[in-house]
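Peer 1: If you read the protein sequences in the order shown, they are chains E and G.
Counting in our numbering, the first sequence runs without a single skipped number right up to 320 at its last residue.
Counting in our numbering, the second sequence runs without a single skipped number right up to 448 at its last residue.
Idealized CB from N, CA, C, for every residue including glycine.
Below you'll find the structure I mean.
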Amino acid sequence: MKRHLAEAGDAALPPGPRAMRGGWQHLESKLVHWLLFGCALLSIATTLGIVVSLLSQALGFFREVSIWEFLTGTRWAPILVPQSFGVLPLVAGTLLVTVIAAAVAMPVGIATAIFLSEYAPDRVRRIIKPSLEILAGIPTVVYGYFALTLISPLLQKVFPDMLIFNALSAGLVMGLMIIPMVSSISEDAMLAVPRSLREGAYALGATRLEVALRVTVPAALSGIIAAFILALSRAIGETMLVTIAAGATPKMTFNPLESIQTMTAFIVQLSLGETPHGSLEYNTIFAVGLLLFLMTLVMNLLGHWVVRRWQERY
Amino acid sequence: MPGSSIIEVKGLNMWYGNFQALRNISLTIPRHQVTAVIGPSGCGKSTFLRCFNRMNDLIPGARVAGQVLFDGQDIYAPGVDPTEIRSRVGMVFQKPNPFPKSIFDNVAFGLRINGYQGNLAEAVESSLRRAALWDEVKDLLHKSALALSGGQQQRLCIARAIAIEPAVILMDEPCSALDPVATLKIEDLMRSLAEDYTIIIVTHNMQQAARVSDTTAFMTMEEDRAGIVVEYGPTSELFANPKDKRTEDYITGRFG
Ligand SMILES: Nc1ncnc2c1ncn2[C@@H]1O[C@H](COP(=O)(O)OP(=O)(O)OP(=O)(O)O)[C@@H](O)[C@H]1O
Ligand SMILES: [Mg+2]
Numbered sequence: 007m008k009r010h011l012a013e014a015g016d017a018a019l020p021p022g023p024r025a026m027r028g029g030w031q032h033l034e035s036k037l038v039h040w041l042l043f044g045c046a047l048l049s050i051a052t053t054l055g056i057v058v059s060l061l062s063q064a065l066g067f068f069r070e071v072s073i074w075e076f077l078t079g080t081r082w083a084p085i086l087v088p089q090s091f092g093v094l095p096l097v098a099g100t101l102l103v104t105v106i107a108a109a110v111a112m113p114v115g116i117a118t119a120i121f122l123s124e125y126a127p128d129r130v131r132r133i134i135k136p137s138l139e140i141l142a143g144i145p146t147v148v149y150g151y152f153a154l155t156l157i158s159p160l161l162q163k164v165f166p167d168m169l170i171f172n173a174l175s176a177g178l179v180m181g182l183m184i185i186p187m188v189s190s191i192s193e194d195a196m197l198a199v200p201r202s203l204r205e206g207a208y209a210l211g212a213t214r215l216e217v218a219l220r221v222t223v224p225a226a227l228s229g230i231i232a233a234f235i236l237a238l239s240r241a242i243g244e245t246m247l248v249t250i251a252a253g254a255t256p257k258m259t260f261n262p263l264e265s266i267q268t269m270t271a272f273i274v275q276l277s278l279g280e281t282p283h284g285s286l287e288y289n290t291i292f293a294v295g296l297l298l299f300l301m302t303l304v305m306n307l308l309g310h311w312v313v314r315r316w317q318e319r320y
Numbered sequence: 193m194p195g196s197s198i199i200e201v202k203g204l205n206m207w208y209g210n211f212q213a214l215r216n217i218s219l220t221i222p223r224h225q226v227t228a229v230i231g232p233s234g235c236g237k238s239t240f241l242r243c244f245n246r247m248n249d250l251i252p253g254a255r256v257a258g259q260v261l262f263d264g265q266d267i268y269a270p271g272v273d274p275t276e277i278r279s280r281v282g283m284v285f286q287k288p289n290p291f292p293k294s295i296f297d298n299v300a301f302g303l304r305i306n307g308y309q310g311n312l313a314e315a316v317e318s319s320l321r322r323a324a325l326w327d328e329v330k331d332l333l334h335k336s337a338l339a340l341s342g343g344q345q346q347r348l349c350i351a352r353a354i355a356i357e358p359a360v361i362l363m364d365e366p367c368s369a370l371d372p373v374a375t376l377k378i379e380d381l382m383r384s385l386a387e388d389y390t391i392i393i394v395t396h397n398m399q400q401a402a403r404v405s406d407t408t409a410f411m412t413m414e415e416d417r418a419g420i421v422v423e424y425g426p427t428s429e430l431f432a433n434p435k436d437k438r439t440e441d442y443i444t445g446r447f448g
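Structure below.
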């Protein structure tokens, strides 16, 4: 439609200047086209590059350690004797922290989004939204020390036997960290639900809470799920916070009071150590990295599937 | 008791912030009849209608003065719960607004939130029958309501409203998004619903008001003064010999 109007406008110009502009305009639009295409290509090329480099280096690892052993082994000790390459303790550590974070961030994040979109007067929303954005902008290293120096000692008052490095405080603080992500994407989805649907429910005698829980949230469900998936991918991939606060002890456990190690924290630990490049030990980084990549990929695919399955259209 | 009144509006004024949208309205709505509100765009018809179920409460800055007595009880008295009022005064909107849920869940919505104890499926069926929609949807109850046509969606919204057995149904230009056939269906429906319910309808369409209503209120605005009820009385009289010059101008098409 717009384009149509523009063409009509062009046609109305006197022929002279238009003919003169023609060549340059054509070149300019070509140039812009290729420039934009190049930018789009950059991110695709980066993704491909990462996958290829992960795959090729991981292949070096899997020539010496079977995939089966890697995926099912329950002891992770690549630089100890005897060596052992079962990745499950790292996966367990990652999932443990992620589940704790999700248990915090989902209810609080959704409740925040409901408050902002259904309850808060404009004045209050104008204060809370920027605060959440500040929370989202704090460097993760700060969260790490927050967990280590504030939350862990507090938790030790409740669980005296707990180590200072533990999955619980890392998970709780990670939950706080991803709340803004859950709440802001969920809130956008809720605000997009048409006013007419809310009015329809109010007109049937629904209370504010009933409108929120039975109309707004279901109608915004696909956006809310997208928020969860993004936040969880972020939690799985988060590195600094868990490296600082969760410990460096790969352990096959689901006890949140223990010191554990996540996949990301292991990668940091090994890359900072003195393991020679190209060795089997060093290549574990890429095997673990590849698995991490696949986990987030599966999560995203799952997210897309759930979104399509549950979407309420309006 | 047909012939008696169900709602009595006394000295109603209403403001959006500083803008006064209704001016000193007093009238009574007869029970089990169709009352139409007509008038030019922007004169305050929707605003007036939304005073009957306190929908204006949802608009920040909206303020009401005066009384709306529903069966003798002032719905704006302190301590009155607006959700309670809305479960007795239902509403159908200009644009059909079914929830993005199944047909069944749409009709059951009001029953569920109001803690209905009886047989849900029976209540849904009887509401759909009364809204003249049952035969068209009885095999699609668990399909999305959004798959229905506009006219069907509007009848679904009517079924949704009558499911909780309100005493009054407010309709704000319920046919303005529909074609003539769907419009006639809704008009027939309104006539038959008037046996059990009191209906107040806002319409732009004077023929529609003449066809469906027993009583008509004509509203207008002057310069920047909106929300004036000029004339109120039996529809046949108001259309045949309007008492006020402004009413006459409007219904003969010389204004608006
Ligand atoms: N939420 C609002 N805030 C401020 N002013 C409003 C609001 N809603 C309506 N108004 C104003 O109140 C007056 C009456 O509006 P209303 O919607 O009741 O008119 P109407 O008669 O229903 O018009 P239409 O026939 O176009 O639907 C108008 O001048 C309008 O601009
Ligand atoms: Mg209106």
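Using only the alpha-carbon positions, how far apart do E:Leu286 and E:Val71 sit?
Peer 2: For the purposes of this step, residue 286 of chain E is taken as the residue at position 280 of the first sequence. For the purposes of this step, residue 71 of chain E is taken as the residue at position 65 of the first sequence. E:Leu286 and E:Val71: Cα-Cα distance of roughly 9 Å.
Peer 1: Name, going along the chain, the residues of the region 299-314 of chain G whose beta-carbon falls closer than 7 Å to a beta-carbon of chain E.
Peer 2: Listed by position along the chain: Phe301, Gly302, Ile305, Asn306.
Peer 1: Identify the residues that DSSP records as bridge partners of G:Tyr208: which are they?
Peer 2: Stepping through the second sequence from its first residue, residue 208 of chain G is reached at position 16. BP columns for G:Tyr208 point to G:Phe211, G:Ala254.
Peer 1: Leaving out the 5 sequence neighbours to the left and right, which residues in its chain are closer than 7 Å to E:Ile273 when beta-carbon positions are compared?
Peer 2: Working through the first sequence from its first residue, we reach residue 273 of chain E at position 267. Ile291, Val294, Gly295, listed in sequence order.
Peer 1: Run down chain E in chain order and give the residues with a C-beta less than 8 Å from the C-beta of G:Glu276.
Peer 2: Position 84 of the second sequence, counted from the start, is the residue given in the question as residue 276 of chain G. Neighbours of G:Glu276 on chain E, chain order: Gly211.
Peer 1: What does G:Val394 pair with, by DSSP beta-bridge criteria?
Peer 2: Against the second sequence, residue 394 of chain G aligns to sequence position 202. According to DSSP, G:Val394 bridges with G:Val229, G:Asp364.
Peer 1: Buried or exposed: where does E:Ser189 fall if 16 or more other Cβ atoms within 10 Å of its Cβ makes it buried?
Peer 2: As a first step, residue 189 of chain E is located in the first sequence; it is residue number 183 there, counting from the start. Buried, by the Cβ-count rule.
Peer 1: Based on Cα-Cα distance, which residue from G:Gly253, G:Lys293, G:Arg438 lies nearest to G:Lys335?
Peer 2: By 1-based counting over the second sequence, the position of residue 335 of chain G is 143. The candidate whose alpha carbon is nearest that of G:Lys335 is G:Lys293.
Peer 1: Any heavy atom of ligand 2 inside 6 Å of the beta-carbon of G:Lys287?
Peer 2: Counting from 1 along the second sequence, the entry for residue 287 of chain G is found at position 95. For ligand 2, not one heavy atom lies less than 6 Å from the Cβ of G:Lys287.
Peer 1: Would you mind reading off the limits of the beta strand (DSSP E) that contains G:Thr407?
Peer 2: Along the second sequence, one-based indexing puts residue 407 of chain G at 215. Where G:Thr407 is concerned, the enclosing beta strand (DSSP E) stretches over 407-414.
Peer 1: Among G:Pro270, G:Arg383, G:Phe262, which residue has its Cα nearest to the Cα of G:Arg322?
Peer 2: Position 130 of the second sequence holds residue 322 of chain G. Among G:Pro270, G:Arg383, G:Phe262, the Cα nearest to that of G:Arg322 belongs to G:Arg383.
Peer 1: For ligand 1, any of its heavy atoms closer than 6 Å to the Cβ of E:Cys45?
Peer 2: By 1-based counting over the first sequence, the position of residue 45 of chain E is 39. Flag unset: Cβ of E:Cys45 not near ligand 1.
Peer 1: Does any residue of chain E bring its CB to less than 7 Å from the CB of G:Pro288?
Peer 2: Here residue 288 of chain G is taken as the residue at index 96 of the second sequence, counted from 1. Judged by the 7 Å Cβ criterion, G:Pro288 is not in contact with chain E.
Peer 1: Would you please verify whether the beta carbon of E:Ser192 is less than 7 Å from any beta carbon of chain G?
Peer 2: Translated into the one-based positions of the first sequence, residue 192 of chain E becomes position 186. By this cut-off, E:Ser192 is not an interface position.
Peer 1: Show which residues of chain E have a CB atom less than 8 Å away from the CB atom of G:Met247.
Peer 2: By 1-based counting over the second sequence, the position of residue 247 of chain G is 55. Going along chain E in sequence order, the residues near G:Met247 (Cβ under 8 Å) are Glu205, Tyr208, Ala209.
Peer 1: Would the beta-carbon of G:Leu214 fall within 7 Å of that of G:Val201?
Peer 2: Along the second sequence, one-based indexing puts residue 214 of chain G at 22. Along the second sequence, one-based indexing puts residue 201 of chain G at 9. Not closer than 7 Å, so no.
Peer 1: At 7 Å on the CB atoms, spell out the chain E contacts of G:Met283, in chain order.
Peer 2: By 1-based counting over the second sequence, the position of residue 283 of chain G is 91. Under the 7 Å cutoff, chain E gives Ala209.
Peer 1: Check the DSSP bridge columns for G:Glu423 and list the partner residues they point to.
Peer 2: Here residue 423 of chain G refers to the residue found at position 231 when the second sequence is read from its first residue. Answer by DSSP bridge pairing, in chain order: G:Phe410.
Peer 1: Measure the C-alpha to C-alpha separation of E:Ser137 and E:Glu205 and round it to an integer number of angstroms.
Peer 2: As a first step, residue 137 of chain E must be located in the first sequence, where it is residue number 131. As a first step, residue 205 of chain E must be located in the first sequence, where it is residue number 199. Taking the straight line from one Cα to the other gives about 30 Å.
Peer 1: Just to be sure I understand the criterion: a residue counts if its Cβ is closer than 5 Å to at least one heavy atom of ligand 1. Which residues meet that?
Peer 2: Listed along the chain, these residues meet the criterion: G:Tyr208, G:Ala213, G:Ser233, G:Gly234, G:Cys235, G:Gly236, G:Lys237, G:Ser238, G:Thr239, G:Ile251, G:Ala418.
Peer 1: Beta-carbon within less than 6 Å of G:Asp297's beta-carbon, same chain only, minus the 5 sequence neighbours each way: which residues are those?
Peer 2: Taking the first residue of the second sequence as 1, we reach residue 297 of chain G at position 105. The answer is none, since no qualifying residue turns up.
Peer 1: Between the region 330-355 of chain G and chain E, which residues of the former have CB atoms less than 8 Å from a CB of the latter, in chain order?
Peer 2: Going along the region 330-355 of chain G in chain order, one finds Ser336, Leu338, Cys349, Arg352, Ala353 with a Cβ nearer than 8 Å to chain E.
Peer 1: Can you tell me whether G:Leu261 is helix, strand or coil according to DSSP?
Peer 2: Residue 261 of chain G sits at position 69 when you count from the first residue of the second sequence. Three-state result, G:Leu261: strand.
Peer 1: What residues from the region 232-266 of chain G come within 8 Å of chain E, judged by C-beta to C-beta, listed N to C?
Peer 2: Of all residues in the region 232-266 of chain G, Asn245, Met247, Leu250, Pro252 have a Cβ within less than 8 Å of some Cβ in chain E.
Peer 1: Whole angstroms is fine: what's the gap from E:Gly211's alpha carbon to E:Arg201's?
Peer 2: Residue numbering aside, residue 211 of chain E sits at position 205 when the first sequence is read from its first letter. Residue numbering aside, residue 201 of chain E sits at position 195 when the first sequence is read from its first letter. Using only the alpha carbons, I get a separation of about 16 Å.
Peer 1: Where E:Val362 and G:Gly282 are concerned, what is the direct C-alpha to C-alpha distance, given to the nearest angstrom?
Peer 2: Outside the shown range of chain E (7 to 320) lies residue 362 of chain E, about which nothing can therefore be said.
Peer 1: Which residues in chain E sit within 7 Å of G:Phe291, going by Cβ to Cβ distance?
Peer 2: Counting from one through the second sequence, the residue named residue 291 of chain G turns up at place 99. Per Cβ cutoff of 7 Å: Leu203, Gly206, Val221.
Peer 1: Mind checking whether G:Asn306 and E:Leu203 have CB atoms under 7 Å apart?
Peer 2: Here residue 306 of chain G is taken as the residue at index 114 of the second sequence, counted from 1. Here residue 203 of chain E is taken as the residue at index 197 of the first sequence, counted from 1. No, they are not a contact pair.
Peer 1: Starting from G:Ser279, find everything on chain E with Cβ-Cβ shorter than 8 Å and list it in chain order.
Peer 2: As a working note, residue 279 of chain G is residue 87 in the second sequence. Within chain E, the residues near G:Ser279 are Leu210, Gly211.
Peer 1: Kindly give me the distance between the Cβ atoms of E:Ile134 and E:Ala126, rounded to whole angstroms, as I take these residues to be in contact under 8 Å.
Peer 2: The sequence position of residue 134 of chain E within the first sequence is 128, counting from 1. The sequence position of residue 126 of chain E within the first sequence is 120, counting from 1. Contact flag correct, Cβ pair sits at about 7 Å.
Peer 1: Determine the burial state of E:Trp40: buried for a count of at least 16 other Cβ atoms within 10 Å of its Cβ, exposed for fewer.
Peer 2: Counted from its first residue, the first sequence places residue 40 of chain E at position 34. Label assigned to E:Trp40: exposed.
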